[in-house]
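Here the sequence shown is numbered in my numbering, starting from 50 and rising by one per residue.
Each residue gets a CB set at the ideal place from its N, CA and C atoms; glycine is no exception.
First up is the structure itself, then whatever we jot down about it.
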Amino acid sequence: MNEAKLYELLGKMITELGAAYIGTSVVIGDELGLYKGLAAGGAQTSSQLAERTGTTERYVREWLAGQAASGYIEYDAANQAFHMTPEQAMVFADDNSPVILTGGYNILQAAYAAIPNMTEAFRTGQGLGFTDYCNCLFCGVAKFFGPGYRANLVSGWLPTLEGVVPRLQAGGKVADVGCGYGISTVTMAKAFPNTQFFGFDIHPGSIEQARAYAQEQNVANVTFDVATAKNYPGSNYDLVTFFDCLHDMGDPVGAAAHVYETLHDDGSWMIVEPMAHDDLASNFNPVGRVYFAASTMVCLPTSLGQEVGLGLGAQAGEAKLRDVATQGGFTSFRRATETPFNLVLEARR
Ligand SMILES: C[S@@+](CC[C@H](N)C(=O)[O-])C[C@H]1O[C@@H](n2cnc3c(N)ncnc32)[C@H](O)[C@@H]1O
Numbered sequence: 050m051n052e053a054k055l056y057e058l059l060g061k062m063i064t065e066l067g068a069a070y071i072g073t074s075v076v077i078g079d080e081l082g083l084y085k086g087l088a089a090g091g092a093q094t095s096s097q098l099a100e101r102t103g104t105t106e107r108y109v110r111e112w113l114a115g116q117a118a119s120g121y122i123e124y125d126a127a128n129q130a131f132h133m134t135p136e137q138a139m140v141f142a143d144d145n146s147p148v149i150l151t152g153g154y155n156i157l158q159a160a161y162a163a164i165p166n167m168t169e170a171f172r173t174g175q176g177l178g179f180t181d182y183c184n185c186l187f188c189g190v191a192k193f194f195g196p197g198y199r200a201n202l203v204s205g206w207l208p209t210l211e212g213v214v215p216r217l218q219a220g221g222k223v224a225d226v227g228c229g230y231g232i233s234t235v236t237m238a239k240a241f242p243n244t245q246f247f248g249f250d251i252h253p254g255s256i257e258q259a260r261a262y263a264q265e266q267n268v269a270n271v272t273f274d275v276a277t278a279k280n281y282p283g284s285n286y287d288l289v290t291f292f293d294c295l296h297d298m299g300d301p302v303g304a305a306a307h308v309y310e311t312l313h314d315d316g317s318w319m320i321v322e323p324m325a326h327d328d329l330a331s332n333f334n335p336v337g338r339v340y341f342a343a344s345t346m347v348c349l350p351t352s353l354g355q356e357v358g359l360g361l362g363a364q365a366g367e368a369k370l371r372d373v374a375t376q377g378g379f380t381s382f383r384r385a386t387e388t389p390f391n392l393v394l395e396a397r398r
């Protein structure tokens with residue numbers, strides 16, 4: 050036993066434990082508007098923030114201290130006041146910021162709540178259904194991925210696909226499969242008013258939310274329906290999109306075959322998947338770590354819980370995804386673009 054190595058590991062683990070604990074406070078601060086109240090009100094004492102947010106001072110005081118100890122907010126000892134820098138506000142307080150991260154903690158909440166079911170699943174090998182998770186999973190996914198779609202999808206990703214933007218500008222037909230709360234669908238529908246968008250998801254609760262979101266955003270060229278990736282209706286789509294959902298499916302090859310059948314001869318299948326390298330060890334980095342952890346608790350069990358149960362996992366990587374598309378009938382497959390968090394892939398017939 051090397052004592053220096055042991056203490057080095059223990060030091061790291063104190064940081065890790067703190068990060069895991071403080072996540073609970075992030076969810077509560079987001080839910081109660083504590084971050085927003087702090088960001089909007091400038092330097093404040095615990096009493097002032099509690100009054101501003103209609104919460105109890107004693108709890109808010111403890112919350113503020115934990116946030117400051119985490120470096121998520123700032124503390125001015127002379128005035129016993131707390132504030133947020135613009136950067137901290139972008140990450141915790143501003144729902145329109147492209148880097149708001151609070152949704153990730155809602156997913157985490159669902160992951161922790163799934164521990165008893167998952168412990169049993171490790172023993173039995175069974176998968177989980179979407180109803181086995183608390184709803185903070187679905188709202189968390191929408192909150193976590195939505196800002197990236199609003200920031201990148203129309204101006205960054207769609208132009209990297211072959212001839213897709215002109216087709217959508219002229220007026221086409223798009224299926225957004227596994228659309229969740231419909232953030233990607235509505236974002237595209239707003240940008241291309243001549244095109245008709247059809248959002249599909251296996252989860253009825255998500256489709257309800259997507260319909261409400263489209264209505265709230267006043268977008269008329271979009272409809273949402275419950276359907277699976279293997280049975281969604283329609284044909285001759287100019288574009289079929291799968292945002293962060295192919296690896297969640299039990300039968301991604303069956304889904305690929307259905308996309309092939311429903312796509313226009315000259316159409317594109319856009320697959321956005323978590324960034325991953327084909328070589329396992331190359332994914333042992335901070336981004337891969339988040340995805341492996343999420344995959345263990347959510348993506349893998351939900352895939353294993355569906356028919357076929359292929360269980361790609363969230364770190365499948367381009368080579369395995371190419372195999373899925375090829376087995377589904379596609380002859381052309383390429384990486385159109387990427388971000389530190391996403392692979393953007395295009396398959397054509
Ligand atoms: C991680 S979420 C992504 C949601 C949304 N596309 C986004 O990026 O915010 C995965 C979605 O895939 C849906 N899904 C999983 N398996 C499916 C299937 N076989 N057919 C259709 N939707 C499916 C889930 O209900 C969930 O909404």
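Proximity test, residue i beta-carbon vs ligand 1 heavy atom, cut-off 6 Å
{"i": "Ser255", "result": "yes"}
{"i": "Gly229", "result": "yes"}
{"i": "Ala92", "result": "no"}
{"i": "Ile77", "result": "no"}
{"i": "Ala325", "result": "no"}
{"i": "Ala278", "result": "yes"}
{"i": "Met319", "result": "no"}
{"i": "His296", "result": "no"}
{"i": "Phe333", "result": "no"}
{"i": "Ile42", "result": "This structure cannot settle anything about residue 42, because the visible part of the chain is limited to 50 through 398."}
{"i": "Ile251", "result": "yes"}
{"i": "Phe194", "result": "yes"}
{"i": "Phe292", "result": "yes"}
{"i": "Thr190", "result": "In the sequence under discussion, the amino acid at residue 190 is Val, which differs from the Thr named in the question. Checking the Cβ of Val190 against ligand 1 gives yes."}
CB of residue i within 7 Å of CB of residue j, strictly
{"i": "Asn155", "j": "Cys188", "result": "yes"}
{"i": "Val336", "j": "Trp206", "result": "no"}
{"i": "Val271", "j": "Trp318", "result": "no"}
{"i": "Val235", "j": "Gln266", "result": "yes"}
{"i": "Leu353", "j": "Ile320", "result": "no"}
{"i": "Val373", "j": "Ala276", "result": "no"}
{"i": "Tyr139", "j": "Leu87", "result": "For the record, residue 139 in the displayed sequence is Met; it is not Tyr. No, Cβ-Cβ distance for Met139 and Leu87 is not below 7 Å."}
{"i": "Pro400", "j": "Pro242", "result": "There is simply no residue 400 to check, as the chain begins at 50 and stops at 398 in what is shown."}
{"i": "Gln129", "j": "Thr94", "result": "yes"}
{"i": "Ala3", "j": "Tyr108", "result": "No information on residue 3 is available, as it lies outside the stretch 50 to 398 that the chain covers here."}
{"i": "His307", "j": "Lys279", "result": "yes"}
{"i": "Phe249", "j": "Arg260", "result": "no"}
{"i": "Ala363", "j": "Pro389", "result": "no"}
{"i": "Thr244", "j": "Gly221", "result": "yes"}
{"i": "Ala163", "j": "Cys185", "result": "no"}
{"i": "Phe179", "j": "His252", "result": "yes"}
{"i": "Ala325", "j": "Asn332", "result": "yes"}
{"i": "Thr386", "j": "Thr209", "result": "yes"}
{"i": "Thr102", "j": "Gly82", "result": "yes"}
{"i": "Met62", "j": "Met346", "result": "no"}
DSSP bridge partner residues for residue i (one or two, in chain order)
{"i": "Tyr286", "result": "Leu312"}
{"i": "Gly248", "result": "Asp225 and Phe273"}
{"i": "Asn391", "result": "Pro323"}
{"i": "Asp125", "result": "Ala130"}
{"i": "Trp318", "result": "Val289 and Ala396"}
{"i": "Gln93", "result": "Phe131"}
{"i": "Thr64", "result": "DSSP, once it has assigned bridges, lists no residue as partnering Thr64."}
{"i": "Arg27", "result": "In the structure as shown, the chain begins at 50 and stops at 398. Residue 27 is therefore absent and cannot be evaluated."}
{"i": "Phe382", "result": "Ala396"}
CB-CB length for residue i against residue j, believed under 8 Å
{"i": "Asp297", "j": "Thr351", "result": "5 Å"}
{"i": "Gly229", "j": "Ser255", "result": "5 Å"}
{"i": "Ala238", "j": "Phe246", "result": "4 Å"}
{"i": "Gly78", "j": "Tyr84", "result": "5 Å"}
{"i": "Gly366", "j": "Leu349", "result": "About 15 Å; that fails the 8 Å criterion."}
{"i": "Leu157", "j": "Gly72", "result": "5 Å"}
{"i": "Ser233", "j": "Phe292", "result": "5 Å"}
{"i": "Gly378", "j": "Tyr286", "result": "Actually they are not in contact, since the Cβ atoms of Gly378 and Tyr286 sit about 15 Å apart, beyond 8 Å."}
{"i": "Phe382", "j": "Ala396", "result": "5 Å"}
{"i": "Phe193", "j": "Gly153", "result": "5 Å"}
{"i": "Val226", "j": "Tyr281", "result": "6 Å"}
{"i": "Phe131", "j": "Ala92", "result": "7 Å"}
{"i": "Tyr121", "j": "Gln137", "result": "6 Å"}
{"i": "Gln376", "j": "Val302", "result": "5 Å"}
Min CB distance residue i to chain C below 7 Å
{"i": "Gly120", "result": "In summary, chain C is missing from the structure at hand, where a single protein chain is found."}
Requested in this report: Report the residue ranges of all alpha helix (DSSP H) runs contained in full by the stretch 329 to 363; include only those spanning at least 4 residues, in chain order.
Outcome: 335 to 343 and 349 to 353
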